[in-house]
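Asks:
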Amino acid sequence: MKRRTFIKDLAWGSLVVSLRPWSWAQSATPGSPIAVVQGDSPGQLVTTAVNLLGGMSKFISRGDVVVVKPNIGWDRTPKQAACTNPEVVATVVKLALEAGAKEVKVLDNPCNPARRTYARSGIAKAAKAAGAKVLFPNPHRLKKVSIHGEWLKEWEVYTEFIETDKIINVPIAKHHSLSRLTMGMKNWLGALGGNRNQLHQKLDQAMVDLAAFFKPTLTILDGYRILWRNGPQGGRLSDVKLAKTVIAGQDYVAV
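This is how it looks when you write it as structure tokens:
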């Protein structure tokens with residue numbers, strides 16, 4: 002199945018709720034609402050979006066071990082919008098712990114050196130302050146698993162993503178030179194090891210195969226700042242637009 006077909010097959014329903022600051026929740030598939038919120042505070046946007054969906058306790062149970070998967074791919078500051086907003090990540094961590102999670106881990110496999118990207122993005126500091134265990138990618142924690150995809154049959158995946166109770170997918174919406182746009186589906190490349198450049202041979206199908214493999218409990222899409230050209234790493238503030246939006250839902254293809 003092609004990515005364009007995968008997206009086309011989603012069924013959109015009717016408007017459910019409207020609040021201020023501007024926000025709404027809409028059904029992407031039966032029983033799977035999408036919350037869209039706009040406002041000035043990234044953290045408050047996350048809280049409002051999650052509350053529109055029923056609150057974090059609807060998704061996280063007491064005693065859960067939770068892995069939060071942001072995009073920390075590039076050695077860029079929050080204003081350059083190449084990585085997930087650190088306030089968004091910190092709020093997700095906080096809400097998961099408040100819902101009763103035993104432990105919340107934050108992990109990504111960046112394209113640039115991990116310690117540099119974790120620091121410059123602001124995510125390591127913000128996530129730790131919120132109570133998360135911040136993990137750097139460790140090649141000894143990779144495990145080759147069967148993906149069972151149409152094209153992608155097996156790949157090395159960090160065990161944190163397959164040995165956990167819940168995953169919260171926290172991508173950033175931005176331009177990408179190959180896929181044109183990167184959001185929730187492409188974010189899974191950061192859960193992989195190995196030579197990920199090989200996946201660019203059939204990137205659309207790889208994204209579909211990974212989307213069928215990973216099963217996040219919730220996806221919270223950071224659209225506070227949008228890198229609208231020269232992605233995925235950008236670098237110039239002129240490439241960034243302030244959208245002040247967060248979108249959340251369980252159906253991350255729809256998100």
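If you're matching positions, the sequence shown starts at 2 in the numbering used here and goes up one per residue.
Idealized CB from N, CA, C, for every residue including glycine.
(1) So T48 and T92 are supposed to be a Cβ contact under 8 Å. How far apart are they, rounded?
(2) Is it the case that the Cβ atoms of V272 and L98 are separated by a distance below 7 Å?
(3) Answer yes or no: do V158 and V146 have a C-beta to C-beta separation smaller than 7 Å?
(4) Output the residue ranges of the beta strand (DSSP E) runs that lie fully inside the region 27-56 and measure 3 residues or longer, sorted by chain position.
(5) Measure from the alpha carbon of L238 to the alpha carbon of each residue in R63, G55, A83, then state which is nearest.
(6) Distance check for A255 and L190, CA to CA, integer angstroms please.
(7) If you follow the beta strand (DSSP E) that T220 is part of, which residue opens it and which one closes it?
(8) Rounded C-beta distance between P172 and L222? I'm assuming under 8 Å.
(9) Tell me the DSSP secondary structure of K106 in three-state form.
(10) For a test of the three-state rule: what should DSSP assign to T85, helix, strand or coil?
(11) Could you give the distance in angstroms between the alpha-carbon of L143 and the alpha-carbon of H176?
(12) Expressed to the nearest angstrom, what Euclidean distance is found between the alpha-carbon atoms of K103 and A128?
(13) Give the straight-line distance between the Cα atoms of H149 and N113, rounded to the nearest whole angstrom.
(14) By the three-class DSSP mapping on this structure, what secondary structure does H149 have?
(15) Cα separation between Q202 and P217?
(16) How is W189 classed by DSSP in three states: helix, strand or coil?
(17) Measure the alpha-carbon distance for Y225 versus G132 and round it to whole angstroms.
(18) For the beta strand (DSSP E) that A249 lies in, which residues bound it at each end?
(19) Taking the alpha-carbon positions, what's the E155 to V51 distance?
(20) Quick test of your reading: D109 and I73, contact by CB under 8 Å. State the CB separation rounded to the nearest angstrom.
(21) Should L182 be labelled buried (16 or more other beta-carbon atoms within 10 Å of its own) or exposed?
(22) Kindly provide the ranges of any beta strand (DSSP E) runs that are 3 or more residues long and lie completely inside the region 115-150, ordered along the chain.
(23) Does the distance from the CB of D65 to the CB of R121 come in under 7 Å?
(24) I need the DSSP call for N231, collapsed to helix, strand or coil.
Replies: To lay it out plainly:
(1) The C-beta separation of T48 from T92 comes to about 6 Å, placing the pair in contact by the 8 Å criterion.
(2) The structure shown has nothing for residue 272, since the chain only spans 2 to 256.
(3) In this structure, V158 sits near V146, with a CB-CB distance shorter than 7 Å.
(4) Fully enclosed beta strand (DSSP E) runs of 3 or longer: 33-39.
(5) That would be A83, whose Cα lies nearest to the Cα of L238.
(6) Approximately 18 Å between the Cα atoms of the pair.
(7) From DSSP, the beta strand (DSSP E) with T220 extends over 219-228.
(8) That pair is a contact at about 6 Å.
(9) Here K106 sits in strand by DSSP.
(10) T85: coil per DSSP, three-state reduction.
(11) Rounded to the nearest whole angstrom, the C-alpha separation of L143 and H176 is 29 Å.
(12) Distance between the alpha carbons of K103 and A128 is about 15 Å.
(13) CA-to-CA, the gap between H149 and N113 works out to about 29 Å.
(14) In this structure, H149 counts as coil in the three-state DSSP scheme.
(15) Their Cα atoms are separated by approximately 25 Å.
(16) Here W189 sits in helix by DSSP.
(17) Just so you know, the alpha carbons of Y225 and G132 end up roughly 23 Å apart.
(18) Unbroken beta strand (DSSP E) run through A249: 241-250.
(19) About 33 Å.
(20) So it is a contact: roughly 4 Å between Cβ atoms.
(21) Counting Cβ neighbours within 10 Å, L182 comes out exposed, since fewer than 16 surround it.
(22) Runs of the beta strand (DSSP E) inside the region 115-150: 143-147.
(23) With a cutoff of 7 Å on beta-carbon distance, D65 and R121 are scored as not near each other.
(24) Coil.
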